[in-house]
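According to the working numbering, the sequence shown is numbered sequentially starting from 2.
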Amino acid sequence: MHERPTPALPAKPPFVVRGRLLTPLDDGGTRFEADGEVGVDSRGRIAWVGIWSERPAASQAEEDAGGPPADEVPIVDLRPWLLLPGMVDLHAHLPQLPNAGLGAGLDLLAWLERYIFPLEEAFDVASARTLAPAAYRAFAHAGTTTAVLYGAVYEPSLDEAFRAAEEHGIRAVIGKVMMDRVTYDDRLARDEILELSLRQSADLCARWHGRDDGRLQYAFTPRFAVSCTAEMLRESARLARETGAYWMTHLSEDRHEGETVRRLFPEAIDYLDVYDRADGLGERSIFAHAIHLSPREIERLRESGSRIAHCPASNLFLASGVMQLARYLDAGLSVGLGSDVAAGPDLSMFAQMRVGAYTQNALRTVQGESRPMLTPLEWLRMGSLDGARVLGIEDVAGSLEIGKDADLIAVDASFTAPLPGIDSDDPAELASRLIFRDHPDMVQAAWVRGRLLPS
Ligand SMILES: [Zn+2]
């Protein structure tokens with residue numbers, strides 16, 4: 002079934018890859034070419050994308066700009082593999098990867114105590130040095146080229162995580178977890194945690210935010226309202242505003258958590274209002290989960306331009322709840338997908354699409370929805386271009402279009418076939434199999450800016 006020899010994959014730009022092309026488009030809709038190509042220039046940008054037989058003559062302009070002679074640009078035929086944009090994972094926890102798939106049946110707070118805090122507490126430099134490169138390879142192997150990652154509370158381990166991302170080539174947003182109310186490390190002097198955490202986070206941001214021409218970015222990362230004081234939330238949001246970095250946290254994941262937040266912040270109208278009072282809402286703010294929201298909270302998220310990382314597999318794994326996705330999309334919220342590993346058991350964004358689709362289907366059978374179901378192509382968009390929009394990087398990633406960075410993956414769709422020799426050249430059918438029959442080894446290559454990622 003998969004006996005075809007692997008072609009030599011281009012390791013760095015410039016190059017041209019020929020294959021079946023499937024991508025969402027900025028202006029809406031999807032482009033599919035049964036015999037397409039992506040031309041990557043020497044800076045790692047998409048210089049041309051389209052039908053193979055219509056490809057322009059090799060670029061003299063490129064050669065004139067100092068690139069290699071146009072006739073020396075390698076052309077690699079990857080047919081019948083699919084060329085897709087790299088997937089965007091808006092929410093995952095780097096130190097937690099080793100415990101992915103463990104702890105089903107526990108609720109959020111019990112699961113954190115038993116399976117997560119011990120791992121994060123052990124996330125020192127040595128641990129990060131081993132784990133981070135392996136994690137980035139695993140993301141690339143799953144087809145994820147942009148990952149938004151929570152670390153642990155220790156500054157040196159975050160430097161290590163950034164260094165490994167710089168070396169690996171993945172596009173990443175990373176943040177040191179901030180906790181000054183409930184934390185897992187008694188060695189941190191309680192009265193110094195706030196100041197220490199803010200200072201270390203600001204230092205990390207200064208060192209890493211915008212590194213490699215914006216490939217690496219920083220996110221100030223107060224874990225969630227249960228583990229942070231109002232001052233921590235407010236000061237971290239201020240730092241994010243001042244530096245242009247992201248601000249990310251968890252919002253309304255679990256009902257038990259929601260009750261705790263109400264008790265801790267009696268002055269707030271609702272959960273979102275805790276973050277609103279900290280000046281934490283806005284277009285650079287990414288809220289993970291956000292599943293138990295009132296109409297007021299949905300409207301306030303929309304009005305503030307805040308962004309949502311929808312983590313459907315995690316929500317079912319921990320029995321946290323079900324997102325009323327149709328309401329959010331109808332309200333015009335900016336929503337992308339997150340694996341939330343390790344609360345989500347699977348790194349693959351295709352798995353998130355599948356679980357998300359099943360969840361919404363189940364919701365319809367219970368509630369009856371007037372909105373049409375999302376199609377496989379729409380789920381594919383949510384895991385790629387919509388994710389890039391959540392991050393505000395849709396001008397550089399998320400789809401295969403001229404002028405964007407060459408963040409792309411090559412997928413052998415034969416892994417998704419129910420029987421050998423079964424294939425399709427219908428884009429909706431291809432997307433459907435990628436999502437509902439995804440295979441852990443189907444992604445054959447992933448590039449960021451035309452650089453092949455170790456996987
Ligand atoms: Zn999370």
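Using N, Cα and C, we set each Cβ at its ideal position, and we do this for glycine too. Remember, it's a predicted structure, so these values are computed and weren't measured experimentally.
Just verifying my parser: in three-state terms, what is the DSSP assignment at residue i?
i, result
"threonine 7", "coil"
"histidine 293", "coil"
"alanine 135", "helix"
"glycine 20", "strand"
"phenylalanine 33", "strand"
"threonine 376", "coil"
"phenylalanine 140", "helix"
"leucine 381", "helix"
"phenylalanine 457", "Nothing can be reported for residue 457: it is not among the residues displayed for the chain, which extend from 2 to 456."
"histidine 210", "coil"
"aspartate 204", "helix"
"alanine 352", "helix"
"arginine 56", "coil"
"isoleucine 299", "helix"
"threonine 147", "strand"
"isoleucine 270", "coil"
"leucine 79", "strand"
"arginine 182", "coil"
"isoleucine 457", "Outside the displayed range of the chain (2 to 456) lies residue 457, so it cannot be described from this structure."
"alanine 1", "Residue 1 is absent from the structure shown; the chain starts at 2 and stops at 456."
"isoleucine 194", "helix"
"threonine 230", "coil"
"proline 99", "helix"
"phenylalanine 225", "coil"
"aspartate 90", "strand"
"aspartate 406", "strand"
"glycine 369", "coil"
"glycine 51", "strand"
"arginine 308", "strand"
"valine 275", "helix"
"phenylalanine 318", "helix"
"leucine 326", "helix"
Verify whether the separation of the beta carbon atoms of residue i and residue j is less than 9 Å.
i, j, result
"glycine 104", "alanine 411", "no"
"glutamate 254", "serine 321", "yes"
"alanine 289", "cysteine 312", "yes"
"isoleucine 175", "leucine 107", "no"
"leucine 392", "arginine 328", "no"
"leucine 1", "alanine 246", "Residue 1 lies beyond the range of the chain shown here (2 to 456); nothing can be said about it."
"arginine 46", "arginine 450", "yes"
"arginine 138", "proline 455", "yes"
"serine 340", "aspartate 439", "no"
"alanine 363", "phenylalanine 437", "no"
"proline 377", "leucine 435", "yes"
"alanine 418", "tryptophan 448", "no"
"aspartate 42", "alanine 35", "no"
"proline 25", "serine 385", "yes"
"valine 323", "isoleucine 292", "yes"
"leucine 381", "leucine 23", "yes"
"threonine 147", "glycine 388", "yes"
Excluding sequence positions up to five away, which residues of its chain have a Cβ less than 8 Å from the Cβ of residue i?
i, result
"threonine 7", "Gln445"
"serine 295", "Asp271"
"alanine 162", "Leu95, Ala129, Ala133, Leu150, Gly152, Ile175"
"lysine 177", "Gly152, Ala153, Val154, Tyr155, Glu156, Leu159, Ser198, Gln201, Ser202, Leu205, Thr222"
"valine 183", "Val227, Ser228"
Kindly list the residues whose CB is nearer than 7 Å to the CB of residue i, restricted to its own chain and excluding five residues on each side of it in sequence; keep chain order.
i, result
"threonine 305", "The identity of residue 305 in the sequence shown is serine, whereas the question assumes threonine. Once the five neighbours on either side are set aside, the close Cβ partners of serine 305 are Leu282, Gly283."
"aspartate 181", "Ile194, Leu195, Ser198, Cys229, Thr230, Met233"
"valine 342", "Ala93, His94, Gln97, Leu98, Ala101, Leu348"
"aspartate 442", "Phe416"
"valine 74", "Pro15, Phe16, Val17, Ala59"
Apart from the five residues on each side of it in sequence, which residues of its chain come closer than 6 Å, Cβ to Cβ, to residue i?
i, result
"arginine 365", "none"
"alanine 226", "Val262, Val275"
"arginine 235", "Ala279"
"serine 286", "Trp248, Ser307"
Comparing the CB of residue i with every heavy atom of ligand 3, is any distance shorter than 8 Å?
i, result
"serine 253", "Absence of ligand 3 is noted for the structure shown, with ligand 1 being the only ligands found."
On the three-pair Cβ rule with 8 Å, is the region 396-405 touching the region 82-96?
The region 396-405 is in contact with the region 82-96.
Taking 8 Å as the threshold, find out whether the region 259-275 comes into contact with the region 42-58 through three or more Cβ pairs.
The answer is no - the region 42-58 does not touch the region 259-275, with fewer than three Cβ pairs under 8 Å.
Within the chosen definition, does the region 191-201 reach the region 136-152 through at least 3 CB pairs nearer than 8 Å?
Fewer than three beta-carbon pairs drawn from the region 191-201 and the region 136-152 are found closer than 8 Å, and the two stretches are therefore not classed as touching.
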